[in-house]
Amino acid sequence: MNITRPLLCALWLVAGLAWQPMASAQASAPPSASASAPASTLPPADQYTEKGADTCLGCHDEESATYSAAAFFKGKHAQRGDKRAPFGAGGLQCEACHGPGARHAAKGSKKALTINSFKASSHLPVEQRNQACLTCHEGQSRNAWHGGTHDLSKVACTDCHKMHVERDPVLAKTTQPDVCYTCHAKQRADFHKSSVHPVRFGLMGCSDCHNAHGSNGPAMLIKATLNQTCFSCHADKRGPVLWEHAPVAEDCSLCHTAHGSVRPALLTKNPPLLCQQCHSPAGHPSLPRTATSLPGGGGGGSMFLIAGSCTNCHTQVHGSNHPSGAKLMR
């Protein structure tokens, strides 16, 4: 039985469907989810979403070690009462940092190329990713970021900082070292030696001595010189003193290593070898560590007497204020 075209149209109308030739129907079919929409149908790259964070959270609601939508709202960036925060009054919320997101949220867009993800795999260079942070955080301790060691090494802010968690690990003394150790493996080993600053015990952080955002001093120290940095805690070694030990005023690292040592007091060498780098043993019983080398040839080889070597007598190695302390013995 042949069904004519008018009759076929009538059947389609009864079924509540509009007649459409097969070729035309295929041409108007919506694109598949895997296909990307033509650029002409996508929003402009600089267009923001209409619903702001609500649009973002419609998809980004997962929980991971580096991202938590719930924990993010406990941090400073999401404080509604702070006008400086992205979520403050009139703020652009998520798009204040990640950039305009209308195209990113549109169906069929190439997600990876439409927004600043801050990830290492981002299509944006490190400089552009960091600029989103430096727009607000470019003052005080970050004045020297440009041209600093981390900037020249192409370190991204998000390599160290985590914003989508309740507490940024790098801002807490107990967790900060582990973030720094990601790159500074040698320092990790040093801080596990027998004589160290109390970093691994959570009593100090790397930022107590170093400014990771750049510094005018060596090794990104928080002060202009190494000694000034050390004196921030060791004020009793600052002086001035009546009888000065020259290395103390010159450079603490001539005798001490900052990150850790297998010797007491973070010394670079054990006395008398350390002292004899500057002080000749000639005419002084300091070179052979035996009983006969001690004044008067006494002592009987007692380790309690000779163990301290030079510091058995010269106890005030950092300087003396005693009228008779010219040899740093009082």
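Residue 964 is where the sequence shown starts when you use my numbering, and the numbers rise one by one after that.
In this text, a Cβ means the ideal position worked out from N, Cα and C, and glycines have one as well.
Whose CA, out of His1222, Leu1134, Lys1200, Pro1181, lies closest to the CA of His1155?
Along the sequence shown, one-based indexing puts residue 1155 at 192. Looking at the Cα atoms, His1222 is the closest of the given residues.
Less than 7 Å between C-beta atoms, sequence neighbours within five positions excluded: which residues of the same chain meet that for Ser1283?
Residue numbering aside, residue 1283 sits at position 320 when the sequence shown is read from its first letter. Around Ser1283: Val1204, Leu1205, Trp1206, Leu1291, Arg1293.
Does the distance from the CB of Asn1079 to the CB of Ser1072 come in under 8 Å?
For the purposes of this step, residue 1079 is identified with residue 116 of the sequence shown, where counting begins at 1. For the purposes of this step, residue 1072 is identified with residue 109 of the sequence shown, where counting begins at 1. Result no, Cβ atoms of Asn1079 and Ser1072 do not sit closer than 8 Å.
To which residues of the same chain is Asn1093 closer than 7 Å at the C-beta, ignoring the five residues directly before and after it?
Position 130 of the sequence shown, counted from the start, is the residue given in the question as residue 1093. Cβ within range, chain order: Ala1119, Cys1120.
Whole angstroms is fine: what's the gap from Ala1209's alpha carbon to Gly1202's?
In the sequence shown, the residue the question calls residue 1209 occupies position 246. In the sequence shown, the residue the question calls residue 1202 occupies position 239. If I take the Cα positions, the gap works out to 12 Å.
In the structure shown, what three-state DSSP assignment does Glu1101 receive?
Stepping through the sequence shown from its first residue, residue 1101 is reached at position 138. Coil at Glu1101, not helix or strand.
What's the gap between the Cα of Asn1190 and the Cα of Pro1049?
Position 227 of the sequence shown, counting from 1, holds the residue named residue 1190. Position 86 of the sequence shown, counting from 1, holds the residue named residue 1049. Rounded to whole angstroms, Asn1190 to Pro1049 spans 40 Å at the Cα level.
Within 10 Å of its beta-carbon, does Gly1053 have 16 or more other beta-carbons around it, so buried, or fewer, so exposed?
The residue labelled residue 1053 in the question sits at position 90 within the sequence shown. It is exposed - the Cβ of Gly1053 has fewer than 16 other Cβ atoms within 10 Å.
Near Pro1227, what residues of its chain come up, given a Cβ to Cβ distance below 7 Å and the 5 sequence neighbours on each side ignored?
For this step, residue 1227 is matched to residue 264 along the sequence shown. Once the five neighbours on either side are set aside, the close Cβ partners of Pro1227 are Ser1158.
When the distance is taken between beta carbons, is Thr1029 closer than 8 Å to Val1128?
By one-based count along the sequence shown, residue 1128 stands at place 165. By one-based count along the sequence shown, residue 1029 stands at place 66. Yes.
Would you tell me roughly how many angstroms separate the C-alpha atoms of Asp1114 and His1277, rounded to the nearest one?
Looking up residue 1114 in the sequence shown gives position 151. Looking up residue 1277 in the sequence shown gives position 314. Taking the straight line from one Cα to the other gives about 45 Å.
According to DSSP, is Met1292 helix, strand or coil?
The residue you call residue 1292 lines up with position 329 of the sequence shown. Of the three classes helix, strand and coil, the one that applies to Met1292 here is coil, per DSSP.
Considering Cα atoms alone, identify which of Lys1074, Leu1087, Leu1005 is closest to Lys1117.
Here residue 1117 is taken as the residue at index 154 of the sequence shown, counted from 1. Residue Leu1087 is the option with its Cα nearest to Lys1117.
When burial is assigned at 16 or more other CB atoms within 10 Å of the CB, is Arg1066 buried or exposed?
Within the sequence shown, numbered from 1, the residue matching residue 1066 stands at position 103. So Arg1066 counts as buried.
So which of Phe1164, Ala1107, Glu1025, Leu1217 has the shortest CA-CA distance to His1176?
The residue given as residue 1176 occupies position 213 in the sequence shown. His1176 has its Cα closest to that of Ala1107, out of Phe1164, Ala1107, Glu1025, Leu1217.
Rounded to the nearest angstrom, what separates Lys1046 and Ala1032 at their Cα positions?
Looking up residue 1046 in the sequence shown gives position 83. Looking up residue 1032 in the sequence shown gives position 69. Computed Cα separation, rounded: 21 Å.
For my contact list, Cys1193 and Cys1169 are in at a C-beta cut-off of 8 Å; report their separation, rounded to the angstrom.
Mapped onto the sequence shown, residue 1193 falls at position 230. Mapped onto the sequence shown, residue 1169 falls at position 206. The pair is not a contact, with the Cβ atoms about 15 Å apart (cut-off 8 Å).
Relative to the C-alpha of Cys1057, which residue among Asp1141, Cys1019, Pro1234, Thr1138 is closest?
Taking the sequence shown and counting its residues from 1, one reaches residue 1057 at position 94. If we check each option's Cα against that of Cys1057, Cys1019 comes out closest.
To the nearest angstrom, report how far apart Gly1064 and Lys1232 are at their CA atoms.
As a first step, residue 1064 must be located in the sequence shown, where it is residue number 101. As a first step, residue 1232 must be located in the sequence shown, where it is residue number 269. Spanning the two alpha carbons is a distance of roughly 59 Å.
Do you know whose CA, among Ala1083, Val1162, His1173, His1147, lies nearest Gly1111's CA?
For the purposes of this step, residue 1111 is taken as the residue at position 148 of the sequence shown. Minimum Cα distance to Gly1111 is reached at His1173.
When you compare each of Gly1051, Lys1037, Phe1036 to Arg1043 by their alpha carbons, which one comes out closest?
Counting from one through the sequence shown, the residue named residue 1043 turns up at place 80. Closest option to Arg1043, Cα to Cα, is Gly1051.
Have a look at the DSSP bridge pairing and note the partners of Ser1158.
As a working mapping, residue 1158 is identified with position 195 in the sequence shown. Note: Ser1158 sits in a beta bridge opposite Ser1224.
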